[in-house]
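What follows is a short report on a single structure.
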Amino acid sequence: MDNSPENSALSQNAAANPRVRFAPSPTGFLHVGSARTFIFNWLYARHNAGTMILRLDDTDVERNTDASVASIFDGLRWLNLGWDEEYKQSERLDLHRKVAWSIFEKGLAYRDFTPAHTGDSEKSGAQGTWLFNPGMPELSRAESDRRAAAGEPFALRFRVPRETGDQIRFTDAVYGPQSKAAADIEDFALLRSDGMPTYHLASCADDIDLRISHIIRGQDHLTNTFKHVLIFEAACARPPQFAHLPLLVAPDGTKLSKRRHGPVVSVTTYRDAGFLPEAFINFLCLLGWSPKNDREVMSLAELQEAFSLEGINRANAVVNFKEPATTPEETFDPKAVWLNAEHIRALPVDALSAQLLPIVREAGFQIDSAKMLRITPLIRERIKFLRDVLTAADFFFVDHLQPYDPTELIPQKGDAAMAAKVLQKAKDVLAHTEFKHDPLDQALRAAAQELGVKAGQMFQPIRVAVCGRKNAPPLFETLEVLGRNTTLARIDDAEQKLATPAA
RNA sequence: GGCGCUAUCGUCUAACGGUUAGGACACGGCCCUCUCAAGGCCGGUAUACGGGUUCGAUUCCCGUUAGCGCUACCA
2 MDNSPENSAL SQNAAANPRV RFAPSPTGFL HVGSARTFIF NWLYARHNAG TMILRLDDTD
62 VERNTDASVA SIFDGLRWLN LGWDEEYKQS ERLDLHRKVA WSIFEKGLAY RDFTPAHTGD
122 SEKSGAQGTW LFNPGMPELS RAESDRRAAA GEPFALRFRV PRETGDQIRF TDAVYGPQSK
182 AAADIEDFAL LRSDGMPTYH LASCADDIDL RISHIIRGQD HLTNTFKHVL IFEAACARPP
242 QFAHLPLLVA PDGTKLSKRR HGPVVSVTTY RDAGFLPEAF INFLCLLGWS PKNDREVMSL
302 AELQEAFSLE GINRANAVVN FKEPATTPEE TFDPKAVWLN AEHIRALPVD ALSAQLLPIV
362 REAGFQIDSA KMLRITPLIR ERIKFLRDVL TAADFFFVDH LQPYDPTELI PQKGDAAMAA
422 KVLQKAKDVL AHTEFKHDPL DQALRAAAQE LGVKAGQMFQ PIRVAVCGRK NAPPLFETLE
482 VLGRNTTLAR IDDAEQKLAT PAA
């Protein structure tokens, strides 16, 4: 048996128009690791003018849920990458069974009448290695047929060519040449006793039928691939090119799981926190792949242009979030947060403004798009998440400021009297100054000079009066957007607060 | 237990036998500055360990250790 097709060398299979697939099983929400697998497949397809296929591997009827299907589509829709063809394994069972029985007819599979084991059986673990159920591989065809005809339930198992001493081989595009002794591979199931195909069988049967040229998936399937090679060959199909991806792990090195690590592992958590899908995609691409030229902030088009299987590395990558996350920012890898800020800044103002507006409206503020467009450039460099618009630009949205500490109005190296003096002067000046950046700049600096205070001492009380806090966007632009009426009203309020210190 | 895979700063990574081991994030300092950001400059921290091969190993080979994966009629 030729298990080592030299023809599966990378160069040859990097042929044009590849067909790749992302095949999630709907047993949970869309995991960030799955999202990365989807993205790498998509990038490979687009880079090579190929076809991206979405296939729901839903043969485990016990564990599949509609909620999970919804979550997967939810996440994929947010990623906004799309796909070209879509299939459900549960609608292709006839094909799977046909392939299974054709393998049986060739003598490469046999019926196993041993009752199913449940959960963690004594087969695996420290007890030793299980390869097959005694007596079953040797059953004669006649007896096998007789017992089946009598209605005895059975699973269909692959007959691994263990006696030949063969090595099963394939060349992985990421991990290189792989081989494993057939003697170490157990007789895995093709069909369960209820007639449903197993993952291994359904997956390979569909990959053959859909003419998948490249299987790009998580490294947890690397050792399963030997079984898959066996199936492909038993079905007289040439195995596709495999490319396994290093796994995404938590800071403690363990596999990401919702149970242990919470919502950080769900794609929708990133969406809900205000990530831009392009930033999230950029971040995931940098986990286990590198363009090799120190590029980090990359647009989707740039990623598509730069992507290749050669850039994928082999060691697991840590998603560096804080284990007990206390703030939203700690929930995510700092690099993801930084990339999101970079992508936000890279967005044209009108595009960013359009993304921000629905968030602001949903929070209950009646802001029109024209105003949002004026606010956006003032906060663009100050937000890391889209949702930060709510805290960075809050004072633009409300009619009345949230209560703040009046002592904030007191400038550096100044006192309450200075604050009062500044605010009074500001009102005088602002009453007749044009509300544009340059006139405001000139007028307020001149006012500071007249009062004999530093510019900063002049600006701070005004800033706190109109923004309700010290940290805010630049003052003149802010006043320009706020307008004269609001500005003067807020300075009035501030003067009152100053006059009546906190009770 | 068996089999497989992996191992460069705290984290993501570059260096496909010859580099003062590079970049980024994060962190610290300085500059800029109306505050906060953004930006600029500077700084510290890494080749898991032990053997080979070689004139020369981060790089190739072997072993050790550690981590991960598979070992289901889950995927």
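Numbered according to the working numbering, the first sequence spans residues 2 to 504. Virtual Cβ for every residue (Gly too), placed ideally from N, Cα, C.
Other residues of its chain near residue i: CB distance less than 7 Å, five sequence neighbours each side excluded
i	result
D146	none
K455	A449
A36	G76, L80, V268, L285
R64	T28
K256	L248, V250
R47	Q305
Q403	G469
Counted within 10 angstroms of its Cβ, other Cβ atoms place residue i as buried (16 or more) or exposed
i	result
D295	exposed
P178	exposed
T1	Nothing can be reported for residue 1, as the shown portion of the chain is limited to 2 through 504.
K107	exposed
Q425	exposed
A150	exposed
S300	exposed
E164	exposed
T172	buried
L67	As written in the sequence, residue 67 is Asp, which differs from the Leu given in the question. Counting Cβ neighbours within 10 Å, D67 comes out exposed, since fewer than 16 surround it.
E139	exposed
Q413	exposed
F23	buried
V265	buried
G196	exposed
A110	buried
Closest residue to residue i among the options (Cα-Cα distance)
i	options	result
T501	S72, P27, L410, A236	L410
G289	R261, E303, A244, E324	A244
T270	P241, R383, E331	E331
L489	P475, Y111, L191, F436	F436
H401	L257, A495, P154	A495
Q168	A337, K498, A371, L231	L231
A432	V399, Y176, R485	R485
R56	L483, R212, R261, E297	R212
E234	R170, G254, R148	R170
D58	D221, T199, S141	T199
S141	E303, D113, A307	D113
V33	R491, V319, A110, R315	V319
G365	V399, I384, W339, N225	V399
A159	E144, S103, A117, Y176	Ala is not the amino acid found at residue 159; the sequence shown has Phe there. It is S103.
Residues of its chain near residue i, where Cβ-Cβ distance is below 6 Å and the 5 sequence neighbours each way are ignored
i	result
V100	A206, A236
L11	Since pLDDT at L11 reaches only 43, below the 50 mark, its modelled position is unreliable, and the value read off the structure follows with that caveat. Cβ neighbours of L11 beyond the five flanking positions: A174.
P19	N49, G51, S214, H215
S72	F30, L31
V161	A183, I186, D188
A203	T60, Q90, H97
I463	A427
L394	It should be pointed out that residue 394 corresponds to Ala in this sequence rather than to Leu. These residues qualify, in order along the chain: I376, I380.
S354	M373, L374, T377
A238	I209
S26	D58
R446	A456
Rounded distance between the beta-carbons of residue j and residue i, thought under 8 Å
i	j	result
N317	L277	Not a contact, Cβ separation roughly 26 Å.
P252	E324	6 Å
L452	V423	7 Å
G1	F155	With the chain represented from 2 up to 504, any question about residue 1 goes unanswered, as that position is not in the structure.
M419	Q356	That pair is no contact at about 41 Å.
L374	D351	6 Å
H438	F397	Between F397 and H438 the Cβ distance is about 16 Å, and since that is not below 8 Å, they are no contact.
L483	V467	6 Å
R272	L246	Not really, about 22 Å apart at Cβ, beyond 8 Å.
L192	L157	4 Å
V21	N42	5 Å
H344	A444	That belief does not hold up - the Cβ atoms of H344 and A444 are roughly 37 Å apart, past 8 Å.
G312	K336	That belief does not hold up - the Cβ atoms of G312 and K336 are roughly 17 Å apart, past 8 Å.
Residues near residue i by beta carbon distance below 8 Å, same chain, minus five either side
i	result
R346	R381, E382
N471	With the sequence shown as reference, residue 471 is identified as Lys, and Asn is not the correct amino acid for it. Here the set comprises E409, Q461, R464, V465.
I360	G275, L387, R388, V390, L391
P475	L379
P349	none
What are the uninterrupted segments assigned as alpha helix (DSSP H) that are 4 or more residues long and contained completely in the region 415-459, given in chain order?
417-433, 438-452
Sequence ranges, beta strand (DSSP E) only - wholly within the region 242-288, length at least 3:
242-246
Whole runs of the alpha helix (DSSP H) within the region 141-204, excluding any shorter than 4 residues:
142-150
What are the complete alpha helix (DSSP H) segments, minimum 4 residues, inside the region 292-327?
301-307
At 4 residues or longer, and completely inside the region 319-390: list those alpha helix (DSSP H) runs for me, N to C.
335-347, 350-363, 370-380
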